[in-house]
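Some notes on the structure that comes next.
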């Protein structure tokens with residue numbers, strides 16, 4: 001069987017046009033979350049200014065929400081509000097990427113805009129200065145086969161069992177490294193706090209880590225890093241699968257593990273605060289599970305380095321637990337812990353807000369966000385392509 005491990009380089013010559021002068025104008029690429037949660041969208045706008053100095057230089061905009069599952073055709077305009085901008089690693093120069101959140105004409109957030117509620121939680125918890133480090137896993141798929149197959153999967157069959165792929169080196173077990181490298185550099189160029197990357201247990205599966213960052217910046221950076229990955233994969237003629245269990249069976253799923261600490265856990269004796277936080281998370285286990293992504297029961301089976309979705313657990317260096325306490329944290333008596341329950345398709349605004357609310361706050365500051373997210377998940381319908 002032929003192993004489909006090679007990727008193309010679609011349109012690699014297009015970037016010669018980046019050298020053309022822009023006559024003291026810049027291109028702003030507005031980026032937002034569409035109505036299905038992981039359908040990141042973007043469109044371009046010329047701004048008559050040689051360089052953006054602050055967010056106030058970037059105007060609000062709108063788009064056709066009837067084409068993104070967020071509005072009807074009779075009242076289709078959805079407002080884009082710029083929240084943060086980054087240097088554009090594709091167009092270079094003074095061109096920018098603008099991360100926006102999305103609003104209905106009546107001033108309420110769209111079905112996938114959870115940023116504003118996350119920001120409220122982060123402001124309430126600012127005294128504890130929550131730090132986050134998220135580990136985003138994903139699987140790369142070829143676009144030139146149907147049905148699409150993960151990189152490293154032979155045509156009409158399966159690769160060798162898991163074992164050689166994690167942190168692997170070599171063409172027989174590491175698939176898509178050039179995509180990972182390009183994405184890594186793009187994140188560094190934009191100023192995103194990407195702290196590392198590695199190949200994962202499943203063939204064609206990779207992970208990047210964002211953090212440590214504080215508060216709302218975590219969600220902003222994870223979403224922009226996801227956008228950059230989609231753009232890079234597009235460049236190489238591949239696609240990104242965010243599903244938490246892309247292949248059923250004895251194959252690892254994909255998560256978005258959340259590493260978390262506060263002032264109280266980072267100071268001497270902070271391990272006791274960590275245990276207190278863990279007890280709060282135990283009490284709100286299913287509440288958090290509700291907000292930790294779609295189809296997570298397929299992934300959290302108690303096998304393949306996951307906990308059982310119905311049972312809360314924790315342990316030191318235990319990757320089969322809901323909460324892992326790193327050995328360095330246990331030895332130092334302070335530090336951070338890892339919530340291993342969030343799925344790869346989860347919304348980092350929702351996850352970081354729930355985690356912060358349940359541990360630092362009263363656990364009741366995210367009820368509206370929680371209910372809105374659950375309602376959103378139940379409304380998603382599959383699209384057959």
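In UniProt numbering, the protein residues as written are 1 to 385.
The beta carbon of each residue, even a glycine, is placed where N, CA and C say it ideally should be.
Since the structure is predicted, the reported quantities are computational estimates derived from the model, not experimental observations.
What number of angstroms, rounded off, separates the C-alpha of residue i from the C-alpha of residue j?
{"i": "residue 247", "j": "residue 57", "result": "45 Å"}
{"i": "residue 79", "j": "residue 42", "result": "13 Å"}
{"i": "residue 75", "j": "residue 370", "result": "27 Å"}
{"i": "residue 171", "j": "residue 200", "result": "15 Å"}
{"i": "residue 242", "j": "residue 139", "result": "7 Å"}
{"i": "residue 187", "j": "residue 277", "result": "32 Å"}
{"i": "residue 323", "j": "residue 35", "result": "31 Å"}
{"i": "residue 357", "j": "residue 298", "result": "26 Å"}
{"i": "residue 180", "j": "residue 321", "result": "28 Å"}
{"i": "residue 256", "j": "residue 23", "result": "42 Å"}
{"i": "residue 335", "j": "residue 305", "result": "23 Å"}
{"i": "residue 327", "j": "residue 339", "result": "15 Å"}
{"i": "residue 285", "j": "residue 315", "result": "16 Å"}
{"i": "residue 39", "j": "residue 309", "result": "26 Å"}
{"i": "residue 352", "j": "residue 362", "result": "15 Å"}
{"i": "residue 231", "j": "residue 99", "result": "15 Å"}
{"i": "residue 65", "j": "residue 228", "result": "23 Å"}
{"i": "residue 16", "j": "residue 25", "result": "18 Å"}
{"i": "residue 45", "j": "residue 279", "result": "49 Å"}
{"i": "residue 168", "j": "residue 161", "result": "14 Å"}
{"i": "residue 275", "j": "residue 68", "result": "43 Å"}
{"i": "residue 271", "j": "residue 329", "result": "7 Å"}
{"i": "residue 385", "j": "residue 333", "result": "Confidence at residue 385 is low in this model, with a pLDDT of 40, below 50, so its placement is unreliable and no value can be given for it."}
{"i": "residue 300", "j": "residue 307", "result": "6 Å"}
{"i": "residue 213", "j": "residue 55", "result": "20 Å"}
{"i": "residue 291", "j": "residue 185", "result": "31 Å"}
{"i": "residue 122", "j": "residue 261", "result": "13 Å"}
{"i": "residue 210", "j": "residue 49", "result": "31 Å"}
With a 10 Å radius around its C-beta and 16 neighbouring C-beta atoms as the bar for buried, classify residue i as buried or exposed.
{"i": "residue 85", "result": "buried"}
{"i": "residue 127", "result": "exposed"}
{"i": "residue 2", "result": "Here residue 2 scores only 47 on pLDDT, less than 50, and its place in the model should not be relied on; the value that follows carries that caveat. Under this definition residue 2 is an exposed residue."}
{"i": "residue 165", "result": "buried"}
{"i": "residue 267", "result": "exposed"}
{"i": "residue 311", "result": "exposed"}
{"i": "residue 136", "result": "buried"}
{"i": "residue 319", "result": "exposed"}
{"i": "residue 347", "result": "buried"}
{"i": "residue 101", "result": "buried"}
{"i": "residue 375", "result": "exposed"}
{"i": "residue 18", "result": "exposed"}
{"i": "residue 147", "result": "exposed"}
{"i": "residue 221", "result": "buried"}
When the distance is taken between beta carbons, is residue j closer than 8 Å to residue i?
{"i": "residue 97", "j": "residue 29", "result": "yes"}
{"i": "residue 113", "j": "residue 239", "result": "no"}
{"i": "residue 223", "j": "residue 33", "result": "yes"}
{"i": "residue 360", "j": "residue 125", "result": "yes"}
{"i": "residue 235", "j": "residue 208", "result": "no"}
{"i": "residue 313", "j": "residue 244", "result": "no"}
{"i": "residue 204", "j": "residue 237", "result": "no"}
Could you give the first and the last residue of the continuous alpha helix (DSSP H) run that contains residue i?
{"i": "residue 361", "result": "Run containing residue 361: none; DSSP gives neither H nor E here."}
{"i": "residue 323", "result": "Unbroken run through residue 323 is the beta strand (DSSP E), 323-325; no alpha helix (DSSP H)."}
{"i": "residue 179", "result": "177-190"}
{"i": "residue 379", "result": "367-379"}
{"i": "residue 278", "result": "270-283"}
{"i": "residue 234", "result": "217-235"}
{"i": "residue 247", "result": "Note, residue 247: premise wrong, no alpha helix (DSSP H); not H, not E."}
{"i": "residue 117", "result": "115-124"}
{"i": "residue 263", "result": "263-266"}
{"i": "residue 62", "result": "Note, residue 62: premise wrong, no alpha helix (DSSP H); beta strand (DSSP E) at 61-64."}
{"i": "residue 81", "result": "No alpha helix (DSSP H) holds residue 81; the beta strand (DSSP E) holding it covers 77-87."}
{"i": "residue 298", "result": "296-299"}
Check for me: the beta strand (DSSP E) holding residue i runs from which residue to which?
{"i": "residue 138", "result": "131-142"}
{"i": "residue 211", "result": "205-214"}
{"i": "residue 343", "result": "Unbroken run through residue 343: none, as it is neither H nor E."}
{"i": "residue 241", "result": "238-241"}
{"i": "residue 198", "result": "194-199"}
{"i": "residue 28", "result": "26-33"}
{"i": "residue 314", "result": "314-316"}
Whose C-beta lies closer than 7 Å to the C-beta of residue i among residues of the same chain, with five residues either side of it excluded?
{"i": "residue 189", "result": "87, 89"}
Take residue i and list the residues in its own chain whose beta-carbon comes closer than 8 Å to its own, dropping the five residues that flank it on each side.
{"i": "residue 118", "result": "216, 219, 349, 350, 352, 353, 369"}
{"i": "residue 4", "result": "Annotation note: pLDDT 48 at residue 4 (below 50); position unreliable, no value reported."}
{"i": "residue 295", "result": "243, 244, 245, 343, 345"}
{"i": "residue 380", "result": "36, 37, 294"}
Once the 5 residues before and after residue i are set aside, which same chain residues still bring their CB inside 6 Å of it?
{"i": "residue 47", "result": "26, 28"}
{"i": "residue 73", "result": "66"}
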